[in-house]
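Asker: If you count by mature numbering (1 follows the signal peptide of the UniProt record, and there is no 0), then the sequence shown holds residues -28 to -1, 1 to 353, one letter each, in order.
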Amino acid sequence: MFKNRFKSVLSKVLCSTLVLGIISNFHAIMKVQAETPSTSTFAKGADVGWLSQMEATNYIFKDKDGNVKDCLSILKDYGIDSIRLRTWVNPSDSKTDGHCSTSEVIAMAVKAKAMGFRIMIDFHYSDTWADPGKQVKPLAWKDHDFDVLKTDVYDYTLGVMNALKIAGVTPEWVQVGNETNPGMMLPDGSIKDYSKLAQLINRGYDAVKAISNNTKVIIHIADGYDNVNFRKYFDGLKANNAKYDVIGMSYYPYWAGTDYTSNIDALGNNLNDMAARYGKEVMVVEVGGLDTEPINTYNMLVAVQAKVKAVPDNKGTGVFYWEPEGAKSWSGYALSAWGSDGKPTKAMEAFIPGAIEYNPFPVKQVTIDKASTTNKNSKFC
């Protein structure tokens, strides 16, 4: 009798414990799901603006096993799902500082789309590089007054977007300007007058939306760890009604003369602040590290992706490596992710799903001499 009653009570207790455990685990799982942002649309990208020229000069790309293979196919093997292409107005034929014409951009975009990549187009509004150190108007627009310059921006943007559409490509993102910290098409679009800069941005925005209302317009500036400058810049745009959908930033610890560990938290804080302060999506549209330090670059990329994915409300939407394929032996650029052997470096593995920080100096098993730990004469005793 007692045994039966004991079994009955025990059974009820075990049942209750099991149910409570299941409920507790369910709530824990739901909490994790609620706190973990969805990354189903998170972009893992590569800017490959040099690729057309590299192929034209017969550069040989190899996969990690040394097999000759198409570059975009190799990138796809490493988890890259998005391609970024820059466009220049009337570029030269310089191997590294030219090309990127409308026709070349369209050809590469068509190829990338056919392979399943998402597309980002980066308008520099120049005949060559536009960055924090130089924002030079295209030669053909050099003597145009401000009103004509606004029309130039609209017509050129509309023309490239329409040509892409005719070719069957609708970019998911478009940058109106590249690293426009000082403004764009100086002196007309200088940050000395945010009103004029906003007007130029808005003409580019309007042209993009005239072709594809679903394409997201990005405003991109450098030094993603510099929250003070980002606030000043985007406050200036907001005060002058600039139109855009995404805040893009570059992150290059190398150019700041430091290791990523010293400012990765500053990047994360800036990403969070930009998303909250302006209600926009945020992306790291350029990142890179030394090709001679692939483990460090790999760890940096893992950390950067984690910071972007951690932005609340799913507003962190992607990370793009700048010219990973641009091997130094071909380009002279030291921050690619390609080795002198024609193969990707370890750094590219950071984009493979499940990549975690790599410790090149793991702690090995240590054997402690018991006698030494009981030595009465030890100064630590």
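We treat Cβ as the ideally placed atom computed from N, Cα and C, and that holds for glycine.
For Gly140, which of helix, strand or coil comes out of DSSP?
Answerer: Gly140: coil per DSSP, three-state reduction.
Asker: Counting along the chain, where does the alpha helix (DSSP H) carrying Gly288 start and finish?
Answerer: Unbroken run through Gly288 is the beta strand (DSSP E), Gly288 to Trp294; no alpha helix (DSSP H).
Asker: Return the first residue and the last residue of the alpha helix (DSSP H) that Lys204 is part of.
Answerer: Here the alpha helix (DSSP H) through Lys204 covers Asn199 to Ala211.
Asker: By Cβ distance, which residues of its chain are closer than 8 Å to Ile287, with the 5 residues on each side in sequence left out?
Answerer: Sequence check: residue 287 is Lys here, not Ile. Excluding positions up to five away in sequence, the list reads Ala247, Lys252, Glu253 and Val254.
Asker: Rounded to the nearest angstrom, what separates Ser301 and Glu27 at their Cα positions?
Answerer: Those two C-alpha atoms are separated by around 14 Å.
Asker: When DSSP labels each residue in this structure, what does Met26 get in the three-state scheme?
Answerer: It is helical.
Asker: Compare the C-alpha of Val77 against each of Phe95, Ser167 and Asn186 and name the closest.
Answerer: Selected option, being the one with the closest Cα: Phe95.
Asker: Anyone know if the C-beta pair for Val256 and Phe206 falls short of 8 Å?
Answerer: In this structure, Phe206 does not lie closer than 8 Å to Val256 by Cβ.
Asker: Quick one: grab the DSSP three-state call for Ser162.
Answerer: Here Ser162 sits in strand by DSSP.
Asker: Where does Asp94 sit, in a helix, a strand or coil, going by DSSP?
Answerer: Strand at Asp94.
Asker: Reducing DSSP to helix, strand and coil, say where residue 358 ends up.
Answerer: There is simply no residue 358 to check, as the chain begins at -28 and stops at 353 in what is shown.
Asker: How about Lys188 and Asp217: do their beta carbons lie closer than 8 Å?
Answerer: In this structure, Asp217 lies closer than 8 Å to Lys188 by Cβ.
Asker: Which one or two residues does DSSP pair with His192 in a beta bridge?
Answerer: Bridge partners of His192: Gly220.
Asker: Specify the secondary structure class of Ser234 as computed by DSSP and reduced to three states.
Answerer: DSSP places Ser234 in helix when its eight states are reduced to three.
Asker: Buried or exposed, going by whether 16 or more other CB atoms sit within 10 Å of the CB of Glu329?
Answerer: Looking at its Cβ environment, which holds fewer than 16 other Cβ atoms inside 10 Å, Glu329 is exposed.
Asker: For Arg203, collect the residues of the same chain with a Cβ closer than 8 Å to its Cβ; drop the 5 residues on either side in sequence, then sort them by chain order.
Answerer: Cβ neighbours of Arg203 beyond the five flanking positions: Asp245 and Arg249.
Asker: Which of helix, strand or coil does DSSP assign to Glu265?
Answerer: Coil at Glu265, not helix or strand.
Asker: Determine the burial state of Trp294: buried for a count of at least 16 other Cβ atoms within 10 Å of its Cβ, exposed for fewer.
Answerer: Classification of Trp294: buried, given that the 10 Å Cβ count is 16 or more.
Asker: Please report the straight-line C-alpha distance between Gly260 and Thr269, rounded to a whole angstrom.
Answerer: Between Gly260 and Thr269, the C-alpha separation is close to 7 Å.
Asker: Would DSSP call Glu151 helix, strand or coil?
Answerer: In this structure, Glu151 counts as coil in the three-state DSSP scheme.
Asker: Is the separation between the beta-carbon of Trp60 and that of Thr100 shorter than 8 Å?
Answerer: Their beta carbons are under 8 Å apart, which means Trp60 touches Thr100 by this criterion.
Asker: Does DSSP classify Val180 as helix, strand or coil?
Answerer: Reduced to three states, the DSSP call for Val180 is helix.
Asker: Do you know how far the Cα of Tyr166 is from the Cα of Lys210?
Answerer: Approximately 9 Å, taken between the alpha carbons.
Asker: Between Met87 and Leu23, which are expected to be in contact by the criterion C-beta below 8 Å, what is the C-beta distance as a whole number of angstroms?
Answerer: Not a contact, Cβ separation roughly 12 Å.
Asker: Within 10 Å of its beta-carbon, does Ala(-1) have 16 or more other beta-carbons around it, so buried, or fewer, so exposed?
Answerer: Legend: pLDDT at Ala(-1) = 35, less than 50; position of this residue unreliable, value from coordinates given subsequently. Ala(-1) should be labelled exposed.
Asker: When DSSP builds the beta bridges, which residues end up paired with Leu57?
Answerer: DSSP, once it has assigned bridges, lists Ile93 as partnering Leu57.
Asker: Exposed or buried, which one is Ala112 when buried takes at least 16 other CB atoms within 10 Å?
Answerer: Ala112 comes out exposed.
Asker: So, is Thr152 buried or exposed, given that buried needs 16 or more other C-beta atoms within 10 angstroms?
Answerer: Label assigned to Thr152: buried.
Asker: Only counting the same chain, and skipping five residues up and downstream in sequence, which positions put a Cβ closer than 6 Å to that of Lys16?
Answerer: Correct list, in chain order: Gly51, Ile52, Asp53 and Phe323.
Asker: DSSP three-state label for Val259, please.
Answerer: Strand.
Asker: In the DSSP assignment, the beta strand (DSSP E) including residue 366 goes from what residue to what residue?
Answerer: Given a span of -28 to 353 for the chain in the structure shown, any question on residue 366 remains unanswerable.
Asker: Do you know how far the Cα of Pro110 is from the Cα of Ala102?
Answerer: Their backbone Cα atoms lie some 10 Å apart in a straight line.
Asker: How far does the alpha helix (DSSP H) with Thr74 in it reach, from first residue to last?
Answerer: Note, Thr74: alpha helix (DSSP H), Thr74 to Ala86.
Asker: Secondary structure at Trp227, three-state DSSP: helix, strand or coil?
Answerer: The answer is coil: DSSP assigns Trp227 none of H, G, I, E or B.
Asker: Please report whether the beta-carbon of Met87 lies at a distance below 8 Å from any beta-carbon of chain D.
Answerer: Among the chains of the structure shown, chain D does not appear; only one protein chain is present.
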